[in-house]
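Novice:
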Amino acid sequence: MAVDGPAGPVPPRGEPAGLAYDAVYRALLTSSPDLTVFVFGTDLRHVLVGGIAIERLGWRLDDIVGHRPTDLLSDGSGEVLEEHMRAALAGETRVFDHIGLRDETGFWRSTVAPVRDDSGEIVAGMIISRDVGPVLEAQRGRQESEERIAAALEAMLDSVTVQQAVLDDAGNVVDFRISYANEKSVDFAGRGRAELIGRTLRELFPELGDDFIATYARVLQTGEGVQFNAFPYPDATGRELLYDLAVSRLGDALLVTWRDVTERESSRVLIARAAATRSLSEGLQRGLLPPAPPEIPGVRFATTYHPALETAEVGGDWYDVVPHSVDDVAGDVVDVIVGDVEGHDGHAAALMARYSTLVRAACSRHERVEAAIDELRDFHDSLDSERLVTMALARVDLGSGSVHVTAAGHPPPIVHRASGEVEVVDVLVDPPIGAPGPRGAVGHVQLEPGATLVMFSDGLLDPHADPDDAYQVIAKLVSGASRGSPEELVAVLAEYARGHQPSDDVVVVAAHRSG
Numbered sequence: 233m234a235v236d237g238p239a240g241p242v243p244p245r246g247e248p249a250g251l252a253y254d255a256v257y258r259a260l261l262t263s264s265p266d267l268t269v270f271v272f273g274t275d276l277r278h279v280l281v282g283g284i285a286i287e288r289l290g291w292r293l294d295d296i297v298g299h300r301p302t303d304l305l306s307d308g309s310g311e312v313l314e315e316h317m318r319a320a321l322a323g324e325t326r327v328f329d330h331i332g333l334r335d336e337t338g339f340w341r342s343t344v345a346p347v348r349d350d351s352g353e354i355v356a357g358m359i360i361s362r363d364v365g366p367v368l369e370a371q372r373g374r375q376e377s378e379e380r381i382a383a384a385l386e387a388m389l390d391s392v393t394v395q396q397a398v399l400d401d402a403g404n405v406v407d408f409r410i411s412y413a414n415e416k417s418v419d420f421a422g423r424g425r426a427e428l429i430g431r432t433l434r435e436l437f438p439e440l441g442d443d444f445i446a447t448y449a450r451v452l453q454t455g456e457g458v459q460f461n462a463f464p465y466p467d468a469t470g471r472e473l474l475y476d477l478a479v480s481r482l483g484d485a486l487l488v489t490w491r492d493v494t495e496r497e498s499s500r501v502l503i504a505r506a507a508a509t510r511s512l513s514e515g516l517q518r519g520l521l522p523p524a525p526p527e528i529p530g531v532r533f534a535t536t537y538h539p540a541l542e543t544a545e546v547g548g549d550w551y552d553v554v555p556h557s558v559d560d561v562a563g564d565v566v567d568v569i570v571g572d573v574e575g576h577d578g579h580a581a582a583l584m585a586r587y588s589t590l591v592r593a594a595c596s597r598h599e600r601v602e603a604a605i606d607e608l609r610d611f612h613d614s615l616d617s618e619r620l621v622t623m624a625l626a627r628v629d630l631g632s633g634s635v636h637v638t639a640a641g642h643p644p645p646i647v648h649r650a651s652g653e654v655e656v657v658d659v660l661v662d663p664p665i666g667a668p669g670p671r672g673a674v675g676h677v678q679l680e681p682g683a684t685l686v687m688f689s690d691g692l693l694d695p696h697a698d699p700d701d702a703y704q705v706i707a708k709l710v711s712g713a714s715r716g717s718p719e720e721l722v723a724v725l726a727e728y729a730r731g732h733q734p735s736d737d738v739v740v741v742a743a744h745r746s747g
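So the sequence shown is numbered by this note's numbering: it starts at 233 and just counts up by one.
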């Protein structure tokens, strides 16, 4: 009479193995896609066997039934298996993992257990083996994936948390609990990962309220992430901090990242204010400059004003072109003026506006250019101002092309000849207006047809170079202009100013004599 074991009927001792196969046992073996079952007697010989191992390895039942493992396996694994089988016949149940006995591509988990009859006596043993290779591979892949995700989160520069929904008795989301936080996670109160993990949003951030929790719940329900830019939240002292916050769904949880952008937003506001101030300052200074040089027969002008890049404050650079008659006898002249009031502030701009107006009037009153400068010196002394003013004044006789130049602490003009040669006007530079020293020096140069007179503020000179070397750079730039037209010369110097002069304003005026 057969007894029932874990895998089906077990034949009585001494009964031939072939008689134990019945319909139920066959159905059990064939319906288990990943199991192999062995039943062995007290002599360790297999009496029943079936399952996927038989099909996979191409064994025949006659190769196994009636044989012990050591009869079948000669690599030592038979002895190990028989040791487990003896333990089962002694009443012990063992579970162990091993590679396939003849199929080293598989990985198996085997359970060896005793089989008892109705009286409880151990009459046989059973081995149930399952190929767990695919399961372990999937687990290994999942673990590697989780490790990669964790490594990526730890490598992020932002604070990162994973949050699980907290449900009430009705299954509604009422809160979120932090289940993971990366090393960089720090909240408004300076709490790190150890103080965040395991706690809920309502516990950590009670000010967020129901609407915020509802937003998180919608992300979990719909999978549509949300992002908050410059989200305000007070710190422990009540000072408002700003955060960028992003929430997205990660499986059945939420991935929440944030960063403190208080400093960034403050910088952005400062930059915007500086840009607005710069625009206003530049507009103010441009408004103080002539809208365009006058049209004068025989002379063509080109001008540029280049504001400093490193300051948003208004400066004191200016230029002017003043045509007039010296007297009833002498011919018509045009005075070309470039000046600079020391400093970059509202006071410098105010002085610049007064000087530019005064010098325009002084030019028309004096026959000599040095007398116009002297009038400005007297005006400056009456102000009791410590600001220095530099200026160059060139008077061009429209009939003869004769040019008289005076310079007070200012770079003298450069002439680009019609032949392409370049000449620096030879004039002794007087001290700046407001500084003591000799005065009244005047230089002379002839501006023939086709020649161009170039005047500029000292901001064009490289402040880090030797003054003579810096001046030679400008002279070479003027010399390199092939046509010598006023527009080309101004464009060349303006391009140089944009690339090499960030800290000072620059004005350039070019006067070209055409006939």
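For glycine and all other residues, C-beta sits at the position ideal for the given N, C-alpha and C.
If you're wondering where the values come from, they're calculated on a predicted model, not measured in any experiment.
Put Gly731 into one of helix, strand or coil per three-state DSSP.
Specialist: In this structure, Gly731 counts as helix in the three-state DSSP scheme.
Novice: By Cβ distance, which residues of its chain are closer than 6 Å to Gly675, with the 5 residues on each side in sequence left out?
Specialist: Around Gly675: Val637, Val657, Asp658, Val659.
Novice: Would Asp549 and Gly691 be called neighbours here (beta carbons separated by less than 8 Å)?
Specialist: Yes, they are a contact pair.
Novice: Check this for me: beta carbons of Leu408 and Leu433, under 8 Å apart or not?
Specialist: Inspection of the sequence shows that residue 408 is occupied by Phe rather than by Leu. The answer is yes: Cβ separation under 8 Å.
Novice: Evaluate the contact criterion for the segment 600 to 618 versus the segment 646 to 655: three or more CB pairs, one atom per stretch, below 8 Å.
Specialist: Segments in contact, no.
Novice: Is it a yes or a no for the segment 693 to 711 touching the segment 662 to 669, going by three-plus beta-carbon pairs under 8 Å?
Specialist: As far as the Cβ criterion goes, the segment 693 to 711 does not touch the segment 662 to 669, which means the pair count is below three.
Novice: By how many angstroms is the C-alpha of Ile528 removed from the C-alpha of Leu630?
Specialist: Each residue's alpha carbon lies about 9 Å from the other.
Novice: Excluding the five sequence neighbours on either side, which residues of its own chain have a C-beta within less than 7 Å of the C-beta of Arg189, listed in chain order?
Specialist: Shown here, the chain extends from 233 to 747; a query on residue 189 therefore has no answer.
Novice: Going by Cα to Cα distance, which pick from Val628, Ser498, Arg491 is closest to Val558?
Specialist: Cα-wise, what sits closest to Val558 is Val628.
Novice: Using a Cβ distance threshold of 8 Å, determine whether the segment 415 to 432 contacts the segment 447 to 455, with at least three qualifying pairs required.
Specialist: No, the segment 415 to 432 is not in contact with the segment 447 to 455.
Novice: Would Val405 pass as a contact of Ala413 if the rule is Cβ separation under 8 Å?
Specialist: Not in contact: Val405 and Ala413 (Cβ atoms no closer than 8 Å).
Novice: Could you tell me if Ala322 is buried or exposed, where buried requires 16 or more neighbouring beta carbons within 10 angstroms of its beta carbon?
Specialist: Answer is exposed; the Cβ neighbour count stays below 16.
Novice: When you compare the CB positions of Ala624 and Glu607, do they come within less than 8 Å of one another, or not?
Specialist: Contact: no.
Novice: Going by the CB atoms, is the gap between Ser411 and Ser489 shorter than 8 Å?
Specialist: It should be noted that the sequence gives Thr, not Ser, for residue 489. No, the Cβ-Cβ distance between Thr489 and Ser411 is not below 8 Å.
Novice: Could you pull out every residue in the same chain whose Cβ sits closer than 7 Å to the Cβ of Gly575, ignoring the five residues on either side in sequence?
Specialist: For Gly575, where only same-chain residues beyond five positions count, the Cβ hits under 7 Å are Gly548, Arg619.
Novice: In chain order, what residues of the same chain have a beta carbon less than 6 Å from the beta carbon of Phe460, not counting five sequence neighbours either side?
Specialist: Leu477.
Novice: DSSP has Ala640 in a bridge; who is on the other side?
Specialist: Per DSSP, Met623, Asp662.
Novice: Taking the alpha-carbon positions, what's the Ser746 to Leu721 distance?
Specialist: About 15 Å.
Novice: Starting from the Cα of Asp492, find the closest Cα among Val566, Tyr465, His732 and give me that residue.
Specialist: Of the listed residues, the one whose Cα sits closest to Asp492 is Tyr465.
Novice: Please name the residue or residues paired with Gln704 in a DSSP beta bridge.
Specialist: In DSSP, Gln704 forms no bridge with anything.
Novice: Buried or exposed: where does Val568 fall if 16 or more other Cβ atoms within 10 Å of its Cβ makes it buried?
Specialist: Looking at its Cβ environment, which holds 16 or more other Cβ atoms inside 10 Å, Val568 is buried.
Novice: Do Arg300 and Arg277 count as a contact pair if the criterion is CB distance below 8 Å?
Specialist: Yes, the pair counts as a contact, with Cβ atoms nearer than the cut-off.
Novice: Inspect the beta-carbon positions of Ser689 and Asp564 and report whether they are closer than 8 Å.
Specialist: No, these two residues do not count as a Cβ contact at 8 Å.
Novice: Hey, quick one: how far does the beta strand (DSSP E) through Pro301 stretch, first residue to last?
Specialist: Here Pro301 belongs to no beta strand (DSSP E); instead the alpha helix (DSSP H) covers 301 to 304.
Novice: Quick test of your reading: Pro645 and Leu693, contact by CB under 8 Å. State the CB separation rounded to the nearest angstrom.
Specialist: Not a contact, Cβ separation roughly 14 Å.
Novice: If you count every other CB in all the chains shown that lies within 10 Å of the CB of Phe533, and 16 or more means buried, which is it?
Specialist: By the neighbour-count rule (16 or more Cβ atoms within 10 Å), Phe533 is buried.
Novice: Taking its Cβ as the centre, do 16 or more other Cβ atoms sit within 10 Å of Pro438, making it buried, or is it exposed?
Specialist: Exposed is the call here.
Novice: How far does the beta strand (DSSP E) with Gly283 in it extend, from its first residue to its last?
Specialist: 278 to 283 is the extent of the beta strand (DSSP E) around Gly283.
Novice: Roughly how many angstroms lie between the CA atoms of Arg730 and Gly633, to the nearest whole one?
Specialist: Approximately 32 Å between the Cα atoms of the pair.
Novice: Work out the CA separation of Val279 and Pro241 for me, nearest whole Å.
Specialist: Because Pro241 sits at a pLDDT of 44, beneath the cut-off of 50, its placement in the model cannot be relied upon, and the point is left open.
Novice: Quick check on this structure: which residue in Ala319, Met358, Arg318, Ser309 has the alpha carbon closest to the alpha carbon of Met272?
Specialist: Inspection of the sequence shows that residue 272 is occupied by Phe rather than by Met. For the residues Ala319, Met358, Arg318, Ser309, the minimum Cα distance to Phe272 belongs to Met358.
Novice: Looking at the secondary structure, which residues open and close the beta strand (DSSP E) in which Ala413 lies?
Specialist: Segment 405 to 413, the beta strand (DSSP E) holding Ala413.
Novice: Would Tyr537 and Val724 be called neighbours here (beta carbons separated by less than 8 Å)?
Specialist: No; because the gap between Cβ atoms is not below 8 Å, this pair is not in contact.
Novice: Could you give the residue range of the alpha helix (DSSP H) that holds Ala742?
Specialist: From DSSP, Ala742 is part of no alpha helix (DSSP H) but of the beta strand (DSSP E) over 738 to 745.
Novice: If you reduce the DSSP assignment to three classes, tell me which class Ser361 lands in.
Specialist: Three-state DSSP puts Ser361 in a strand.
Novice: Can you tell me the Cα-Cα spacing of Arg609 and Ala713, whole angstroms?
Specialist: Those two C-alpha atoms are separated by around 36 Å.
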